[in-house]
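**Student:** Residue numbers (our numbering), protein chains in the order written: chain A, 10 to 201; chain B, 10 to 201. Take this structure, written in structure tokens, and hold onto it; I'll ask about it next.
Protein chains: 2
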Amino acid sequence: MKLDRQTIQLAAITLLNETGLETLSMRTLAKSLDVKAASLYFHFKNKDELMEGIAELISGRISQRLAKVKDCDFYQLAHILREELKRVNDSPKIFEITYPFTPNRTKLILLGMQLMQDLGVDQRHLTVAGNMGNNFVLSYVADEQYFARGTQRQMPAEFAAQFPSPIDLANPDEAFDYGLDIFIHGLQATTK
Amino acid sequence: MKLDRQTIQLAAITLLNETGLETLSMRTLAKSLDVKAASLYFHFKNKDELMEGIAELISGRISQRLAKVKDCDFYQLAHILREELKRVNDSPKIFEITYPFTPNRTKLILLGMQLMQDLGVDQRHLTVAGNMGNNFVLSYVADEQYFARGTQRQMPAEFAAQFPSPIDLANPDEAFDYGLDIFIHGLQATTK
DNA sequence: ACCTGAACACCGTTCAAGT
DNA sequence: ACCTGAACACCGTTCAAGT
Chain A
10 MKLDRQTIQL
20 AAITLLNETG
30 LETLSMRTLA
40 KSLDVKAASL
50 YFHFKNKDEL
60 MEGIAELISG
70 RISQRLAKVK
80 DCDFYQLAHI
90 LREELKRVND
100 SPKIFEITYP
110 FTPNRTKLIL
120 LGMQLMQDLG
130 VDQRHLTVAG
140 NMGNNFVLSY
150 VADEQYFARG
160 TQRQMPAEFA
170 AQFPSPIDLA
180 NPDEAFDYGL
190 DIFIHGLQAT
200 TK
Chain B
10 MKLDRQTIQL
20 AAITLLNETG
30 LETLSMRTLA
40 KSLDVKAASL
50 YFHFKNKDEL
60 MEGIAELISG
70 RISQRLAKVK
80 DCDFYQLAHI
90 LREELKRVND
100 SPKIFEITYP
110 FTPNRTKLIL
120 LGMQLMQDLG
130 VDQRHLTVAG
140 NMGNNFVLSY
150 VADEQYFARG
160 TQRQMPAEFA
170 AQFPSPIDLA
180 NPDEAFDYGL
190 DIFIHGLQAT
200 TK
């Protein structure tokens, strides 16, 4: 078996989409590649570095798609971000636990801050606004994947009673745009 | 040693504040209580239930403080939430991984939705708006605790160059209010 | 009722040894 | 250069046994 970092990362992503982050161990990953766990340590210093590689790989996909968009605005960035994150189960958790300043990821962060600046956010609040946008998309996808799993426990009855019926719920795509609108309009209202 | 759920939860919180979630195991927790790991399983079905108990305990503290506030608005809820979450290291992560509909936590969720409704959010978007508010506070505190840890790796130099100097950064309290303003103003702009 | 000893099936990681 | 066997120090969890 001829391994390399790419192959291992892609096998990990396959496993994530099959069974999720909880069951992804160096041992299960190795088994899926017909190799022993120790072999992986020739290609990655440790599990953290592997996770970092996965986040960086996803960031690369996003960068590639963004490169094809001219005059990219914040909506487009957010949409592409969401779409690519959704392609890998538990990707928000992976982004959360890994070091963010890898090359492709740094590019995304800089683009995000750039777009915030264009929207009129002042220098002092660039970081916090950027984090907020980032957290919004990550949390949104995390929630989507959590509900898609369908393995949650029930809501209590008293709670369900106060709730809008499923018919009255916004669909996930519309709801995402709704959240994005809140953020953008909030930025505009706060910067002028 | 006479154990009960409260004692165990408080010992766990102490351990969280000393060394964080990563090193909190049933075994280290038991050791801090001068007891064997197996003993904990008399009081909690498993580790998940213990974590759920911790989130519920924190939610109880928040509820207690909220009860003393008359005409509570969204700002006050957010502030109290942030303050109590900050008292327990890694609490955002714990809230993220546990079942949310425990008694005190359900009360908080219902209050949050209530306040969103008062702000004019329509029925269809109550859930998504509520999640957004919740995610904002949780992510904010998570980021705060991450930076407070001070163990992160460096930003790349090219990145740091583009960054506002520390003097020009908003302080954490002000930045929190700034984020909150974005959210509230965004809600208002979107609902009318 | 409440705690423990001892075990089971896992982890991530290391490292001498193989090819 | 690349992979493995075997071990180390951990996990969460169970359960018969002790008091």
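Where a beta carbon is used, it is the ideal one built from N, C-alpha and C, also for glycine.
1) Among the residues of its own chain, which have a CB less than 6 Å from the CB of ALA64/B, if the five just before and after it don't count?
2) Considering only C-alpha positions, which residue in the set ALA87/A, GLN73/A, CYS81/A, ASP82/A is nearest to MET141/A?
3) Nearest to GLY62/A by CA position, among ALA138/A, ALA157/A, PHE110/A, GLN197/A, is which residue?
4) Counting C-beta neighbours from all protein chains within 10 Å, is the total for GLU31/A 16 or more, i.e. buried, or is it exposed?
5) Exposed or buried, ASN144/B, counting other C-beta atoms within 10 Å across all chains shown (16 or more means buried)?
6) Could you tell me whether the region 180-194 of chain A touches the region 144-153 of chain A, where touching means 3 or more Cβ pairs closer than 8 Å?
7) Count the other CB atoms within 10 Å of the CB of PHE51/A; is the residue buried (16 or more) or exposed (fewer)?
8) Go to VAL130/A, then tell me how far its alpha helix (DSSP H) extends in each direction, as first and last residue.
9) In angstroms with no decimal places, state the Cα-to-Cα distance between GLY116/B and SER72/B.
10) Residues of the region 101-116 of chain B in Cβ contact with chain A at a cutoff of 7 Å, in chain order, please.
11) Return helix, strand or coil for ALA179/B, following the three-state DSSP convention.
12) In the DSSP assignment, find the unbroken alpha helix (DSSP H) run with GLY62/A in it and report its ends.
13) Closer than 7 Å, CB to CB, is ASN140/A near chain B or not?
14) Under the rule that 16 or more other beta-carbon atoms within 10 Å means buried, what is ASN55/A, buried or exposed?
15) For GLN132/A, count neighbouring C-beta atoms within 10 Å of its own C-beta (all shown protein chains included) and say buried if the count is 16 or more, exposed if not.
16) Between which residues of its own chain and PHE185/B is the CB-CB distance below 7 Å, once the five residues before and five after are set aside?
17) Is the beta carbon of ILE22/B less than 7 Å from the beta carbon of VAL78/B?
18) Got a sec, what are the start and stop residues for the alpha helix (DSSP H) PHE53/A sits in?
19) Rounding to the nearest angstrom, what Cα-Cα distance links ASP57/B and SER34/B in this structure?
20) When you compare only the Cα positions, how much space is there between LYS45/B and THR28/B?
**Tutor:** In short, the structure shows the following:
1) Numbered from its first residue, the second sequence carries residue 64/B at position 55. Cβ neighbours of ALA64/B beyond the five flanking positions: ILE103, PHE104, THR107.
2) The residue labelled residue 141/A in the question sits at position 132 within the first sequence. Nearest of ALA87/A, GLN73/A, CYS81/A, ASP82/A to MET141/A, Cα basis: ALA87/A.
3) Within the first sequence, numbered from 1, the residue matching residue 62/A stands at position 53. The shortest C-alpha separation from GLY62/A is found at PHE110/A.
4) For the purposes of this step, residue 31/A is taken as the residue at position 22 of the first sequence. The residue in question, GLU31/A, is exposed, as its Cβ has fewer than 16 Cβ neighbours within 10 Å.
5) Locating residue 144/B in the second sequence gives position 135, where the first residue counts as 1. So ASN144/B counts as buried.
6) Yes: at least three Cβ pairs fall under 8 Å.
7) Here residue 51/A corresponds to residue number 42 of the first sequence, with the count starting at 1. Flag for PHE51/A reads exposed.
8) Your numbering for residue 130/A matches position 121 in the first sequence. Element bounds for VAL130/A: n/a, residue is neither H nor E.
9) Here residue 116/B refers to the residue found at position 107 of the second sequence. Here residue 72/B refers to the residue found at position 63 of the second sequence. The question names Gly, yet the displayed sequence has Lys at residue 116/B. Rounded to whole angstroms, LYS116/B to SER72/B spans 8 Å at the Cα level.
10) Closer than 7 Å at the C-beta level to chain A, one finds these residues of the region 101-116 of chain B: TYR108, PHE110, THR115.
11) As a working note, residue 179/B is residue 170 in the second sequence. DSSP places ALA179/B in coil when its eight states are reduced to three.
12) The count along the first sequence starts at 1 and reaches residue 62/A at position 53. Run containing GLY62/A: 56-76, per the alpha helix (DSSP H) assignment.
13) Taking the first sequence and counting its residues from 1, the one referred to as residue 140/A is at position 131. Taking Cβ atoms only, chain B reaches closer than 7 Å to ASN140/A, which makes this a yes.
14) Taking the first sequence and counting its residues from 1, one reaches residue 55/A at position 46. Answer is exposed; the Cβ neighbour count stays below 16.
15) Residue 132/A sits at position 123 when you count from the first residue of the first sequence. That one is exposed.
16) In the second sequence, residue 185/B corresponds to position 176, counting from 1. Answer for PHE185/B: ARG91, TYR149, listed in chain order.
17) As a first step, residue 22/B is located in the second sequence; it is residue number 13 there, counting from the start. As a first step, residue 78/B is located in the second sequence; it is residue number 69 there, counting from the start. Contact: no.
18) Counting from 1 along the first sequence, the entry for residue 53/A is found at position 44. First-last for PHE53/A: undefined, no H or E at that position.
19) Walking along the second sequence from the start, residue 57/B turns up at place 48. Walking along the second sequence from the start, residue 34/B turns up at place 25. Approximately 11 Å, taken between the alpha carbons.
20) Counting from 1 along the second sequence, the entry for residue 45/B is found at position 36. Counting from 1 along the second sequence, the entry for residue 28/B is found at position 19. Roughly 20 Å separates the two Cα atoms.
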